[in-house]
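J.: Chains as they are written, first to last, in the numbering used here: chain A, 15 to 129; chain B, 15 to 129.
Glycine residues also receive a C-beta, built at the ideal position from the N, C-alpha and C atoms.
Computed from a predicted model, the values in this text were never measured in an experiment.
Number of protein chains: 2
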Amino acid sequence: MVVYPDVDARLSDDEVDRIFRALADATRRDIVQRTLIEDASISDLAERYDMSFAAVQKHITVLEGAGLVTKHRSGRMRHIRANAQALRKAQGLLQTYERIWQHRLAQLDALLAEE
Amino acid sequence: MVVYPDVDARLSDDEVDRIFRALADATRRDIVQRTLIEDASISDLAERYDMSFAAVQKHITVLEGAGLVTKHRSGRMRHIRANAQALRKAQGLLQTYERIWQHRLAQLDALLAEE
DNA sequence: CTAATATGCAACTTAATGGTTGTATATCCG
DNA sequence: CGGATATACAACCATTAAGTTGCATATTAG
Numbered sequence: 015m016v017v018y019p020d021v022d023a024r025l026s027d028d029e030v031d032r033i034f035r036a037l038a039d040a041t042r043r044d045i046v047q048r049t050l051i052e053d054a055s056i057s058d059l060a061e062r063y064d065m066s067f068a069a070v071q072k073h074i075t076v077l078e079g080a081g082l083v084t085k086h087r088s089g090r091m092r093h094i095r096a097n098a099q100a101l102r103k104a105q106g107l108l109q110t111y112e113r114i115w116q117h118r119l120a121q122l123d124a125l126l127a128e129e
Numbered sequence: 015m016v017v018y019p020d021v022d023a024r025l026s027d028d029e030v031d032r033i034f035r036a037l038a039d040a041t042r043r044d045i046v047q048r049t050l051i052e053d054a055s056i057s058d059l060a061e062r063y064d065m066s067f068a069a070v071q072k073h074i075t076v077l078e079g080a081g082l083v084t085k086h087r088s089g090r091m092r093h094i095r096a097n098a099q100a101l102r103k104a105q106g107l108l109q110t111y112e113r114i115w116q117h118r119l120a121q122l123d124a125l126l127a128e129e
């Protein structure tokens, strides 16, 4: 298993808020998924969704604010690319919760074994 | 590694929206964490946060709507308990993203190896 | 140069969120 | 029974979110 050090180190509440908030929208999740596979321009993305160009731009701004994507200039275009690191931060938090849960189960088991 | 079958099977956009939305608030994440460790009544939880009882009630309603916690009646009290299954759904999605990312990296490696 | 393309951004509307207070109801204790 | 406790829920308010249109700017193509 590959270990990513410090995946959830010094994560502020605001930062986590922004990451989960950004992921709480199907269009934005789709943008993340597509740009994980391959970079895309804003126009590329805007074509795919049933909303205005400006609306897609706003979604990208939200994702960028959460660190989930980055923009790279290339002439008059901006290439959007997902940032796996930010995704790992969210995953790291959920794994922490999972561990807490497993710990609770282990304690319950221990309690039952005592009796 | 323990495998949870169907962790992200038939997850509707709305369901995922609600899970991530619910996690996008520090108070709600704290409620999840506390009730993963141990059940708590609404009053127990309300004591801990600097907001009204009703506000905490609302946060719990949001978590319940996302399936992240369940309520269990006990006399005049309601015990709140986190539901690890819903957390795993979110984790499953993020793992899917991670796999997409790894696949992209593998393809880039392959491309470089060819040259 | 000019037209077309790609993006940025402001102003506006509508709906959802997160908080409040107030009131009602149910349960427990003495 | 009657008071205290635990919860539910409605109404309201302020802020943010998500969409729109319209206009400005930068770059590329011919």
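Check whether the Cβ of Tyr63 of chain B lies closer than 9 Å to any Cβ atom in chain A.
T.: Tyr63 of chain B does not count as touching chain A.
J.: Can you check DSSP and say which residues form a bridge with Lys103 of chain A?
T.: DSSP lists no partner for Lys103 of chain A.
J.: Assess contact between the region 74-81 of chain B and the region 26-42 of chain B, defined as three or more Cβ pairs (one per stretch) separated by less than 8 Å. Is contact present?
T.: Output reads yes: the region 26-42 of chain B touches the region 74-81 of chain B.
J.: In terms of alpha-carbon separation, which member of A:Tyr111, A:Ala98, A:Gln116 lies closest to Gly81 of chain A?
T.: That would be A:Ala98, whose Cα lies nearest to the Cα of Gly81 of chain A.
J.: Between Arg87 of chain A and chain B, is any beta-carbon pair separated by less than 9 Å?
T.: Output row for Arg87 of chain A: interface = no.
J.: My output table needs one value for Ser66 of chain B: the three-state DSSP class, helix, strand or coil.
T.: DSSP places Ser66 of chain B in coil when its eight states are reduced to three.
J.: Considering only their Cβ atoms, is the gap separating Ala96 of chain B from Thr49 of chain B smaller than 9 Å?
T.: The answer is yes: Cβ separation under 9 Å.
J.: When you compare only the Cα positions, how much space is there between Ile51 of chain B and Ile45 of chain B?
T.: In a straight line, the C-alpha of Ile51 of chain B is about 10 Å away from that of Ile45 of chain B.
J.: Should Phe34 of chain A be flagged as near chain B, meaning a C-beta pair shorter than 9 Å?
T.: Chain B, which has a Cβ nearer than 9 Å to the Cβ of Phe34 of chain A, makes this yes.
J.: Are the beta-carbon atoms of Ala54 of chain A and Tyr63 of chain A separated by less than 9 Å?
T.: No, the Cβ-Cβ distance between Ala54 of chain A and Tyr63 of chain A is not below 9 Å.
J.: Starting from Arg8 of chain A, follow the beta strand (DSSP E) in both directions and report where the run begins and ends.
T.: The shown model of chain A, from 15 to 129, leaves out residue 8 of chain A, and the question about it has no answer.
J.: Does Arg102 of chain B get closer than 9 Å to chain A when you measure Cβ to Cβ?
T.: Yes, Arg102 of chain B lies at the interface with chain A (some Cβ there is under 9 Å from its Cβ).
J.: Does Asp27 of chain B get closer than 9 Å to chain A when you measure Cβ to Cβ?
T.: So, interface residue.
J.: Going by CA-CA distance only, name the one from B:Arg87, B:Leu59, B:Ser88 that's closest to Arg42 of chain B.
T.: Residue B:Leu59 is the option with its Cα nearest to Arg42 of chain B.
J.: For Arg90 of chain A, which residues in the same chain have their Cβ closer than 6 Å to its Cβ, ignoring the five residues on either side in sequence?
T.: Counting only Cβ-Cβ distances below 6 Å, and skipping sequence neighbours, we find nothing.
J.: Can you check whether the C-beta of Arg118 of chain A is within less than 9 Å of a C-beta belonging to chain B?
T.: Judged by the 9 Å Cβ criterion, Arg118 of chain A is in contact with chain B.
J.: Along chain A, which residues have their Cβ under 9 Å away from the Cβ of Gln109 of chain B?
T.: Those are Gln105, listed as they occur along chain A.
J.: What does Asp39 of chain A reach in chain B if we use C-beta pairs closer than 7 Å?
T.: The contacting residues are Asp31.
J.: Less than 8 Å between the CB atoms is what I'm expecting for Ile94 of chain B and Ile56 of chain B, so what's the real figure, rounded?
T.: Their Cβ separation, rounded to whole angstroms, is 7 Å, which keeps Ile94 of chain B and Ile56 of chain B in contact under 8 Å.
J.: From the beta carbon of Ala98 of chain A, is the nearest beta carbon of chain B less than 9 Å away?
T.: Yes, Ala98 of chain A lies at the interface with chain B (some Cβ there is under 9 Å from its Cβ).
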